[in-house]
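Encoded as C-alpha cells, the structure appears first; notes follow it.
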Amino acid sequence: MKKKVHIIGGGLAGCELAYQLSLNNIFTHIYEMRPKVRTDAHQTGHLSELVCSNSFRSDDSVYNAVGLLHEELRLSNSLIMEAADKNKVPAGSALAVDRDMFSEYIDTKIKSNKYIKVINKEITSLKIFNDDIVVIATGPLTSKKLSEEIEKITSKKSLDFFDAIAPIVYYESIDMDIAWKQSRYDKGDGDDYINCPLTKFEYFKLIENIKNSPKTEFKNFENTPFFESCLPIEEMIRRGPETLRYGPLKPVGLTNKHSNEKPYAVVQLRQDNKLGTLYNIVGFQTKMTYGAQKNVFKNIPGLQNAKFARFGGLHRNTFIKSPKVLDKYLRLRTNKNIFFAGQITGVEGYVESTAIGNLLARILSSIILNKKFISAPKSTAHGSLHKHITKNANVNTFQPMNINFGIIDSFNENIKVKGKERKALKTRKAIKDFKNWIKKQTN
Ligand SMILES: Cc1cc2nc3c(=O)[nH]c(=O)nc-3n(C[C@H](O)[C@H](O)[C@H](O)COP(=O)(O)OP(=O)(O)OC[C@H]3O[C@@H](n4cnc5c(N)ncnc54)[C@H](O)[C@@H]3O)c2cc1C
64 MKKKVHIIGG GLAGCELAYQ LSLNNIFTHI YEMRPKVRTD AHQTGHLSEL VCSNSFRSDD
124 SVYNAVGLLH EELRLSNSLI MEAADKNKVP AGSALAVDRD MFSEYIDTKI KSNKYIKVIN
184 KEITSLKIFN DDIVVIATGP LTSKKLSEEI EKITSKKSLD FFDAIAPIVY YESIDMDIAW
244 KQSRYDKGDG DDYINCPLTK FEYFKLIENI KNSPKTEFKN FENTPFFESC LPIEEMIRRG
304 PETLRYGPLK PVGLTNKHSN EKPYAVVQLR QDNKLGTLYN IVGFQTKMTY GAQKNVFKNI
364 PGLQNAKFAR FGGLHRNTFI KSPKVLDKYL RLRTNKNIFF AGQITGVEGY VESTAIGNLL
424 ARILSSIILN KKFISAPKST AHGSLHKHIT KNANVNTFQP MNINFGIIDS FNENIKVKGK
484 ERKALKTRKA IKDFKNWIKK QTN
C-alpha cells in the first residue's frame with residue numbers, strides 16, 4: 064500500500080482528513096498557501112485558523128444537532144474536537160475556544176505527525192498531481208487561480224455568497240460599571256457573556272446610526288445572496304427595525320445587576336480567548352467601514368471607550384454544486400482522482416466542514432486499503448450531511464447547509480413524539496448508529 068493523498072488546504076477539513084488518514088498509516092501531503100499567500104480573512108500562517116467567531120456553537124448533544132455532530136466527531140477521535148476541548152473558554156452551553164491556542168495545537172500535532180508533510184505553497188493547477196489522489200479542501204476563501212481551475216474541471220459555475228465577521232474588543236476597555244457578566248438563563252457557568260443594556264431610545268438610535276453609516280463597497284459581490292445563519296447586521300436591520308431585538312439583541316433571560324430598569328435590548332459579547340482579554344460582539348458582523356464601526360459602537364452603553372482588536376468585515380464564500388458534480392465518494396463524477404472536502408462541498412461552519420473531512424478520510428481509507436465502504440447511517444449527523452450534499456439537496460437551489468434536525472432522517476416522520484423529546488430520540492438513535500458504524504470500520 065503505497066498510495067499517497069495530496070490535500071490542498073490546511074484548514075479544518077484538510078487537517079482532520081490528514082490526521083484521520085494517518086491513523087490508518089496513510090501518507091498525505093498538505094499544501095497550504097498561507098502565510099506566503101494570504102486570504103482576506105485569515106490573520107496567521109497557522110493550520111486550521113478560525114476566521115471569525117471562536118465558537119463551535121452548542122455543545123449540547125441531546126437537544127442540539129451541532130452538539131450531536133461534536134459528539135460523533137469525538138467518537139471518531141477527531142483532532143479538531145480534541146483541540147477544541149483542550150483549548151476551550153467559558154461560553155455557556157456553547158463550545159468556544161481560544162483561537163490562537165486552538166490553531167497552534169493543531170499546527171503542532173499535524174507537523175509532528177510522521178505520516179503528514181506540510182508544504183507551504185499555493186496550488187494553482189491540478190496537473191502537477193498526475194494520476195494521484197487529490198483532495199480540494201480550500202474552503203470558502205479558495206484562491207482565485209484555483210477557483211478558476213475548479214470552474215473549468217466542474218464545468219459548472221461555482222457559486223458565491225457573503226460571509227461576515229464580527230468585531231472583537233479588548234476586555235479592559237469595556238465599562239463593567241455599566242455592563243455585567245451573565246449567560247442567558249444563567250446557562251454554563253452563569254456569567255460567560257458580557258451584557259450591555261440599551262434603552263428603547265438607545266436601541267433605535269443604534270439602528271439609525273448603523274443604517275446611515277458608510278459601508279464598504281463590494282462591487283464584485285453584487286447580487287450575491289447572504290448566508291441566512293450569519294447575516295450582516297445591516298441586512299438584519301433592512302428586514303425590520305425590531306429584527307435585532309428578536310434576534311441577537313433579545314433582552315430575555317438576563318437581569319441587569321446595576322439597575323432595576325428592564326433593558327429594551329441587550330448587546331452581548333462572548334469571550335474570544337482563554338486569557339479572557341478579548342471579547343467578540345455577538346451578531347455584529349458588519350460591512351460598515353472601520354471608522355464607522357468605531358463611531359457607532361461607542362454609543363453602546365459599556366462600549367463608550369471600547370478598543371478594537373479586530374473590526375468586522377464581509378467576505379466571499381465559494382462552493383461547488385455538489386449534488387450535481389460529486390458522487391457518493393465525494394469525488395468528481397468526471398474524474399475519479401479528484402475529491403472535495405470541507406466547506407467547498409456546500410456545508411457551512413467549522414464543525415460541518417470538519418465532519419466532511421472526517422467522512423472523506425473513511426471513504427479514502429476504504430479505497431486505498433481496498434475495503435468496502437459503508438456510508439454513515441442517515442440517522443447520524445455525519446450521514447445526513449453526506450446525503451444532503453451528494454443526493455438530497457435540490458441542485459437548482461443548492462445553498463450551503465448547517466447541520467440541523469430537519470435533515471436528520473431517523474425514523475418515520477409521522478411518529479407522534481414532538482419538541483424536545485423528539486430531538487432527544489433522534490440524538491439517542493444517532494449516537495447508537497454512529498458507534499455501530501465506527502465499530503464496523505475497525506472490524
Ligand atoms: C468571513 C467568514 C466568516 C465565517 N464565520 C464563521 C463562523 O463564525 N462560524 C463558523 O462555524 N464558520 C464560519 N465561517 C465558515 C468557516 O470559515 C468554514 O466553515 C471553515 O473554515 C471551513 O473549513 P475548510 O477546511 O473547508 O476551509 P478553511 O478552514 O478556510 O481552510 C482552507 C485552507 O485552504 C487554504 N487555501 C485556499 N486556497 C488555496 C490554494 N490555492 N492552495 C493552497 N492552499 C489554499 C486557505 O489558506 C485555508 O487555510 C466563516 C467563513 C468566512 C469566509
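For the sequence shown, position 133 matches number 196 in the working numbering, and the numbering has no gaps at all.
A virtual CB, placed ideally from N, CA and C, is assigned to each residue, including glycine.
| Check | Outcome |
| --- | --- |
| Can you find a heavy atom of ligand 1 that lies under 7 angstroms from the Cβ of Q406? | yes |
| Give the straight-line distance between the Cα atoms of T417 and M299, rounded to the nearest whole angstrom. | 28 angstroms |
| Confirm the yes/no value for this check: CB of A418, any heavy atom of ligand 1, distance under 7 angstroms. | no |
| Among M351, L204, W500, F461, which residue has its Cα nearest to the Cα of P440? | W500 |
| Between P311 and ligand 1, is there a pair consisting of the residue's CB and a ligand heavy atom that are separated by less than 7 angstroms? | no |
| For L341, I'd like the list of residues in its chain whose CB is within less than 8 angstroms of its CB, leaving aside the five on either flank, ordered along the chain. | I231, V232, Y233, Y234, Q334, D335, A372 |
| Three Cβ pairs or more, each shorter than 8 angstroms: is that satisfied between the segment 183-190 and the segment 390-397? | no |
| Following the continuous alpha helix (DSSP H) through R97, name the residue where it begins and the one where it ends. | Element bounds for R97: n/a, residue is neither H nor E. |
| Taking 7 angstroms as the cut-off, is the beta-carbon of I71 closer than that to any non-hydrogen atom of ligand 1? | yes |
| Run through the segment 329-389 for me and flag every whole beta strand (DSSP E) of 3 or more residues, listed as ranges in chain order. | 341-344, 371-373, 376-382 |
| Suppose you measure from the CA of I470 to the CA of S438; what does that come to, to the nearest Å? | 16 angstroms |
| Check whether the Cβ atoms of V198 and E95 lie closer than 8 angstroms to each other. | no |
| Chain B beta carbons: is any one of them nearer than 8 angstroms to that of Y327? | Absent from the structure is chain B; it holds one protein chain and no more. |
| Within its chain, find whatever has a CB closer than 6 angstroms to the CB of Y353; leave out the 5 residues flanking it on each side and keep chain order. | F374 |
| Please find out if some non-hydrogen atom of ligand 1 comes closer than 7 angstroms to the beta-carbon of Y233. | no |
| Just to confirm, does M464 get its C-beta within under 7 angstroms of one of the non-hydrogen atoms of ligand 1? | no |
| Assess, as a yes-or-no matter, whether the segment 420-439 is touched by the segment 475-495 under the definition of 3 or more beta carbon pairs within less than 8 angstroms. | no |
| Does the beta carbon of R97 fall short of 7 angstroms from some heavy atom of ligand 1? | yes |
| Buried or exposed: which applies to G478, given that a residue is buried once 16 or more other Cβ atoms fall within 10 Å of its Cβ? | The residue you asked about is not Gly; residue 478 is Ile in the sequence shown. Looking at its Cβ environment, which holds fewer than 16 other Cβ atoms inside 10 Å, I478 is exposed. |
| Taking C-beta to C-beta, are V160 and K172 nearer than 8 angstroms? | no |
| Kindly give me the distance between the Cβ atoms of D170 and H69, rounded to whole angstroms, as I take these residues to be in contact under 8 angstroms. | No, D170 and H69 are not in contact; Cβ-Cβ is about 19 angstroms, not under 8 angstroms. |
| Compare the Cα-Cα distances from G446 to each of K498, N457, F289 and report the closest residue. | K498 |
| Can you name the residues that DSSP bridges to M464? | V410 |
| Thinking C-alpha only, which one of I296, L86, N183, F192 is nearest N140? | L86 |
| Are V125 and V414 closer than 8 angstroms when you measure CB to CB? | no |
| Answer with buried or exposed for M144, where buried requires no fewer than 16 other C-beta atoms within 10 angstroms of its C-beta. | buried |
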